[in-house]
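Engineer: Structure below; questions to follow.
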């Protein structure tokens, strides 16, 4: 979210209308303070480690199946 916040900060410094500038500043502050995360129905968090683990398991399964044929 850091890149998003930086882009929005650059936008609101471009002398836009006051109301738009204020909204962009609020959005920028929210983007900086929150961490983006995804969860599966609140049961567990989906992160890069989980994706690599699942990908490795799938590739391992495919490799084993190809050896059995």
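In this note's numbering, the protein residues as written are -2 to 66.
Note that CB positions come from ideal geometry on N, CA and C, so glycine has one too.
Where residue 56 and residue 49 are concerned, what is the direct C-alpha to C-alpha distance, given to the nearest angstrom?
Structural biologist: On the chain shown, residue 56 is found 59 positions in, with the first residue counted as 1. On the chain shown, residue 49 is found 52 positions in, with the first residue counted as 1. C-alpha separation (whole angstroms): 10 Å.
Engineer: Among all the DSSP beta bridges, which residues are the ones paired with residue 43?
Structural biologist: By one-based count along the chain shown, residue 43 stands at place 46. According to DSSP, residue 43 bridges with 35.
Engineer: Output needed for residue 6: all residues of its chain with C-beta closer than 7 Å, excluding positions within five of it in sequence on either side, in chain order.
Structural biologist: Counting from one through the chain shown, the residue named residue 6 turns up at place 9. Contacts found: 25.
Engineer: On the three-state DSSP scale, how would you describe residue 57?
Structural biologist: Within the chain shown, numbered from 1, the residue matching residue 57 stands at position 60. Reduced to three states, the DSSP call for residue 57 is helix.
Engineer: In whole angstroms, give me the CA-to-CA distance for residue 10 and residue 21.
Structural biologist: What you label residue 10 is simply residue 13 of the chain shown in a count that begins at 1. What you label residue 21 is simply residue 24 of the chain shown in a count that begins at 1. Each residue's Cα considered, the two are about 9 Å apart.
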